[in-house]
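Here's the structure we're looking at; comments come further down.
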Amino acid sequence: MDKGSSWHRLRKAIHLVCFLVFLALPFLNVIRADIPHQRFYFFGYELWINEFAIIFFALMFLMFLVVASSVFYGRVYCGYLCPQMIFSEASVAVESFLRRRVAKKLIAWKPARRERLVRVLFYAAMAIASVFLAFLFIAYFVEPRDLFHRLASLDIHTAAGISGAAVTILTFLDFSLVRQKFCTTVCPYGYLQGMLGDGDTLLVHYRDAEHACIECKKCVRICPMGIDIRESPFQIECIHCGECIDACDEILARLHKPGLIHYTWGEKGERLNDPGPRPWYRRIGLRDPKRVVVLLVLTFYAAGLLAAFSMRHAVLVRIAPIRATLYRVDAAGRVFNRFRYSVSNRGHAPTAVILSIQHLPGATLAMEPNPIPVAAGQTAQGEFEISAPPHSQSALVSHFTIETSTVPDQARDTFPMTFLAPPERQAP
Ligand code: SF4
Ligand code: SF4
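Going by our numbering, the sequence shown opens with residue 7, and the numbers climb by one from there.
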């Protein structure tokens, strides 16, 4: 970023993009957990709740992405990306806007009366915004159209309705009263940053070797967290937003001097904008073992996620023997073993699964229907029997295979199984 650039403008542009992304994610199924239907949506993939490996790798990857960003770039998430910060600052901006407008339009009113009107207008605006934000938040857990119908019918009886009412109240209290206090009282991320950061982490640093500070305190007045960056670059409240950098740049530019606050790589490191002689990977401390480990773990989870997706089949078949009764022998001496199947169609088109048996001479599969038809998004379950003629097995336990084939995509799978026969049937 060039000298004299505005971190404030950059932040507000990023806040707007983040808000639009936050708005779009549940509607486009980019990231959404559908609790009523027990589904997890991840970048368009509809994952079932039993696809634990993919969900695990996805969550761990996202978590380590935040950890890596904290190690390298400090609290960039807090200052630039966090929804709590974005909506808190928007709430403060709305309140300031109303105060200015009321003061300008109702100049004849007494200040106390104007302030009462500002409070009423502000709380009304926050109430409307809270309903919208609560809807958006719950849409991450309940299908948005379903949620809208519940809201339209004033449903406050079901779990979604009760959650909606509770989240609306909490959102209203948060953005009317708590706002940035949430970051220093409830959110653990600021405290975690203390552990994750190191000597090369990006931070906001005040440096005044030439005693050029004119004590205007504009950096303090502008700070959304109400702190004085000159006291220390490691204050737990500092979200590294860069607003104080802009403030100081602007004030000292009038005196034809450079600003005293900068983004720097660590307390003693270079400034973010410095065209230093060191290569970029040294400037951000990439040789630090902790950073290498974090990047390796992040790569591991990214690779695991890709591998889990590449091995994913739209149709999940499960087959297991029912051993409550080991076997059944009919009047003709034929031996029956019972099995249970479950076929989940996680795709978007109907499918069918054909079962067949291999390596069990003379055995037949008694099953209706076969192929098993399964509609999109449905699971079919049932039981079937495999029977073998008398004296066809030489062992008490015979190993064989059940093969499955899906229609129409011909994906095959095999299930090693055992067939049990009574001892008296064994060949002499
Ligand atoms: S804005 Fe700059 S000059 Fe003014 S008090 Fe802060 S550091 Fe000093
Ligand atoms: S001290 Fe500066 S960077 Fe830190 S929160 Fe305040 S304005 Fe933002």
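For each residue, glycine too, the CB sits at the ideal point set by N, CA and C. No experiment lies behind these values; they were computed from the predicted model shown.
Query                                                                                                                                                             : Result
Based on DSSP bridge pairs, tell me the residues matched to Ile325.                                                                                               : Tyr347
Assign Asp40 to one of three DSSP states: helix, strand, or coil.                                                                                                 : strand
With burial defined as no fewer than 16 other Cβ atoms inside 10 Å of the residue's Cβ, what is the status of Asp234: buried or exposed?                          : exposed
Closest to Ala394 by CA distance: which of Glu52, Val359, Asp336 and Gly50 is it?                                                                                 : Asp336
Figure out for me which residue from Leu179, Lys263, Ile242 and Met201 has the closest Cα to the Cα of Glu216.                                                    : Lys263
Report back the beta-carbon spacing between Leu208 and Trp271 to the nearest angstrom; my notes put them in contact at under 8 Å.                                 : 6 Å
So for Glu101, helix, strand or coil by DSSP?                                                                                                                     : helix
From Arg344, Pro367, Ile325 and Ala326, pick the residue whose C-alpha is nearest to that of Leu332; which is it?                                                 : Arg344
Cα separation between Gln416 and Ser350?                                                                                                                          : 16 Å
Give me the Cα-Cα distance between Val124 and Leu176, rounded to the nearest whole angstrom.                                                                      : 21 Å
Could you tell me whether any non-hydrogen atom of ligand 1 is closer than 8 Å to the CB of Tyr212?                                                               : yes
If you measure between the beta carbons of Tyr83 and Ser94, is that distance less than 9 Å?                                                                       : no
Let me check understanding here. Comparing Cα to Cα, which of Ile267, Phe421 and Glu256 lies closest to Gly248?                                                   : Ile267
Note down the Cα distance separating Arg334 from Phe390, rounded to an integer number of angstroms.                                                               : 13 Å
Leaving out the 5 sequence neighbours to the left and right, which residues in its chain are closer than 7 Å to Val98 when beta-carbon positions are compared?    : Arg185
Classify Asp214: buried if its beta carbon has 16 or more other beta carbons within 10 angstroms, exposed otherwise.                                              : exposed
Any contact of the stretch 62-78 with the stretch 178-194, i.e. 3+ C-beta pairs under 8 Å?                                                                        : no
With a threshold of 9 Å between beta carbons, is Gly272 in contact with chain B?                                                                                  : The chain inventory of the structure shown lacks chain B, comprising one protein chain alone.
Just verifying my parser: in three-state terms, what is the DSSP assignment at Glu389?                                                                            : strand
I want to know whether the stretch 351-362 touches the stretch 401-413 - three or more CB-CB distances under 8 Å.                                                 : yes
I need the DSSP call for Met231, collapsed to helix, strand or coil.                                                                                              : coil
Using the C-alpha atoms, what's the distance from Asp252 back to Ser12?                                                                                           : 6 Å
Assign His21 to one of three DSSP states: helix, strand, or coil.                                                                                                 : helix
Does the beta carbon of Ile257 fall short of 8 Å from some heavy atom of ligand 4?                                                                                : As for ligand 4, it is missing from this structure, which binds only ligand 1 and ligand 2.
If you follow the beta strand (DSSP E) that Val46 is in, where does it begin and where does it stop?                                                              : It is Phe, not Val, that sits at residue 46 in the sequence shown. Element bounds for Phe46: Arg45 to Phe48.
Could you check the C-alpha separation between Ile378 and Ala326 for me, to the nearest Å?                                                                        : 16 Å
Rounded to a whole number of angstroms, what is the C-alpha to C-alpha distance between Pro422 and Pro32?                                                         : 41 Å
In the DSSP assignment, what residue or residues form a beta bridge with Tyr269?                                                                                  : Val210
Can you tell me which residues form a DSSP beta bridge with Arg418?                                                                                               : Ser411
Is the stretch 301-317 in contact with the stretch 236-243, if contact means three or more CB pairs nearer than 8 Å?                                              : no
Using the C-alpha atoms, what's the distance from Arg81 back to Phe143?                                                                                           : 23 Å
Within this structure, are the beta carbons of His405 and Thr424 separated by less than 9 Å?                                                                      : yes
Can you find the residues in the same chain that come closer than 6 Å, C-beta to C-beta, to Cys321, ignoring five residues on each side of it along the sequence? : What sits at residue 321 in the sequence shown is Val, not Cys. Closer than 6 Å at the Cβ level, and outside the excluded window around Val321, lie Asn351, Thr357 and Thr412.
Sorted by chain position, which residues of the same chain lie with C-beta nearer than 7 Å to Arg173's C-beta, five sequence neighbours on each side aside?       : Note on identity: in this sequence residue 173 is Val, with Arg being the wrong assignment. Here the set comprises Ala140, Phe143 and Ile144.
Could you pull the start and end residues of the alpha helix (DSSP H) that Trp54 belongs to?                                                                      : Careful: Trp54 lies outside any alpha helix (DSSP H), inside the beta strand (DSSP E) at Tyr51 to Trp54.
Pop quiz: Ile61 and Leu53 are said to be a contact at Cβ under 8 Å. What is the actual Cβ separation, rounded to whole angstroms?                                 : 6 Å
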